[in-house]
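Single-structure report; data block below.
There are 2 protein chains.
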Amino acid sequence: MAAEYTISDLSAEFDITTRTIRFYEEKGLLSPRREGSSRIYTPADRTKLRLILRGKRLGFTLEESRSIIDMYDPEAGNHEQMQSLLAKIREKRHQLEQQLHDIEVMMLDLRDSEERCLEAMASPDQSAKQS
Amino acid sequence: MAAEYTISDLSAEFDITTRTIRFYEEKGLLSPRREGSSRIYTPADRTKLRLILRGKRLGFTLEESRSIIDMYDPEAGNHEQMQSLLAKIREKRHQLEQQLHDIEVMMLDLRDSEERCLEAMASPDQSAKQS
DNA sequence: CTCTTGGTTGACGTTAACGTAAACGTTACT
DNA sequence: AGTAACGTTTACGTTAACGTCAACCAAGAG
Numbered sequence: 000m001a002a003e004y005t006i007s008d009l010s011a012e013f014d015i016t017t018r019t020i021r022f023y024e025e026k027g028l029l030s031p032r033r034e035g036s037s038r039i040y041t042p043a044d045r046t047k048l049r050l051i052l053r054g055k056r057l058g059f060t061l062e063e064s065r066s067i068i069d070m071y072d073p074e075a076g077n078h079e080q081m082q083s084l085l086a087k088i089r090e091k092r093h094q095l096e097q098q099l100h101d102i103e104v105m106m107l108d109l110r111d112s113e114e115r116c117l118e119a120m121a122s123p124d125q126s127a128k129q130s
Numbered sequence: 000m001a002a003e004y005t006i007s008d009l010s011a012e013f014d015i016t017t018r019t020i021r022f023y024e025e026k027g028l029l030s031p032r033r034e035g036s037s038r039i040y041t042p043a044d045r046t047k048l049r050l051i052l053r054g055k056r057l058g059f060t061l062e063e064s065r066s067i068i069d070m071y072d073p074e075a076g077n078h079e080q081m082q083s084l085l086a087k088i089r090e091k092r093h094q095l096e097q098q099l100h101d102i103e104v105m106m107l108d109l110r111d112s113e114e115r116c117l118e119a120m121a122s123p124d125q126s127a128k129q130s
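This is how it looks when you write it as structure tokens:
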């Protein structure tokens with residue numbers, strides 16, 4: 000049952016380069032077992048990787064993702080760290096709300112531009128003047 | 000009626016440094032008038048700056064923001080450019096949906112951790128064992 | 001044996017978006 | 001005259017998150 004993965008298994012699954020995975024290890028976010036010199040990853044490592052990538056999608060830095068990962072480690076003792084994490088997530092929510100608003104406005108703006116553009120293309124050449 | 004702004008007016012209003020504003024000019028996103036050697040910005044420049052910053056919040060590069068700005072320029076002629084812009088915005092929408100999902104999952108995960116954490120703090124020191 | 005397909009460790013290169021610092025000019029008080 | 005507050009240019013520095021070699025080792029196919 001205890002599955003294991005090579006570095007290229009994971010790179011294929013998550014569509015990232017092996018360099019990226021090794022980089023995360025350099026930064027201390029992963030620490031796979033060694034079989035000879037090759038890296039062997041456990042399901043737990045795979046989960047951590049998934050967390051890192053999720054963090055990335057949300058614009059977290061690797062350092063921030065590290066604290067997310069740490070929540071999954073045996074020492075569930077760090078209460079204040081959790082508070083700061085919750086704070087970061089709430090901040091992301093605010094950002095998301097802002098972004099949603101930005102997108103909506105931008106969509107409206109674009110529809111405006113589109114209309115003006117279509118109008119311009121419809122009326123045959125009056126390029127120079129405007130009252 | 001035709002208001003004008005100095006560089007520090009704008010830097011104060013949008014809470015960015017003057018360096019940033021000059022940088023945008025270097026990149027050709029702004030081109031304020033000169034009064035002597037000083038830069039003078041029009042409301043149109045101000046709008047462009049606002050568009051840049053909105054783009055930034057959405058994770059657009061400056062190059063992408065440039066195409067947004069170009070939509071506001073007199074030559075409303077570029078139909079295919081608009082299409083690519085619309086595509087980018089749709090892509091952003093997808094990203095946002097993904098991010099919203101990520102946030103929700105992360106929130107759930109955190110509540111889990113929180114519970115486990117509180118439990119651990121409640122039960123007086125049983126740190127070493129787990130059945 | 002050679003070749004291909006993975007894996008490894010350095011180590012330097014890259015890119016975007018500014019930061020930072022030096023060295024200088026111009027009003028405008030006081 | 002001094003000095004503060006604002007403006008300018010030029011140019012090197014910074015950071016994150018990898019990319020891109022180079023040079024090497026190991027296992028299996030043919």
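Protein chains in written order, with numbering that gives the first Met the number 0: chain A, 0 to 130; chain B, 0 to 130. Note that beta-carbon positions come from the ideal geometry of N, C-alpha and C, so glycine has one too. Keep in mind it's a predicted model, so treat the numbers as computed, not measured.
is_contact[residue i, chain B] using C-beta, thresh 9 Å
| i | result |
| --- | --- |
| A:Glu113 | yes |
| A:Lys26 | no |
| A:Leu29 | no |
| A:Leu109 | yes |
| A:Tyr4 | no |
| A:Leu95 | yes |
Under the three-state DSSP convention, the category residue i falls into
| i | result |
| --- | --- |
| A:Ile15 | coil |
| B:Glu34 | strand |
| A:Tyr139 | Because chain A in this structure spans residues 0 to 130, residue 139 of chain A falls outside the shown range and cannot be described. |
Contact set for residue i: own chain, Cβ-Cβ below 7 Å, skip 5 residues either direction
| i | result |
| --- | --- |
| A:Ile4 | Checking the sequence shown, residue 4 of chain A turns out to be Tyr, not Ile. Only Tyr40 and Arg45 meet the Cβ criterion. |
| A:Ala2 | Pro42 |
| B:Ile67 | Leu50, Gly54 and Leu84 |
| A:Arg65 | Leu28 |
Closer than 9 Å to chain A by CB, residue i
| i | result |
| --- | --- |
| B:Ile68 | no |
| B:Ile102 | yes |
| B:Leu48 | no |
| B:Gly58 | yes |
| B:Leu99 | yes |
| B:Tyr71 | yes |
| B:Leu61 | no |
| B:Arg45 | no |
| B:Ile88 | yes |
| B:Arg92 | yes |
| B:Arg53 | yes |
| B:Leu84 | yes |
Range of the contiguous alpha helix (DSSP H) that encloses residue i
| i | result |
| --- | --- |
| B:Thr60 | Where B:Thr60 is concerned, there is no enclosing alpha helix (DSSP H), given that its DSSP letter is neither H nor E. |
Spatial neighbours of residue i in its chain, beta-carbon cut-off 8 Å, leaving aside the 5 residues before and after
| i | result |
| --- | --- |
| A:Tyr23 | Leu29, Leu48, Ile51 and Leu61 |
| A:Thr16 | Ser10 |
Cβ shell of residue i (< 6 Å), same chain only, five flanking positions each side left out
| i | result |
| --- | --- |
| A:Lys91 | Leu57 |
For the structure I just gave you, are there three or more beta carbon pairs, one from the stretch 86-103 of chain A and one from the stretch 91-100 of chain B, closer than 8 Å?
yes
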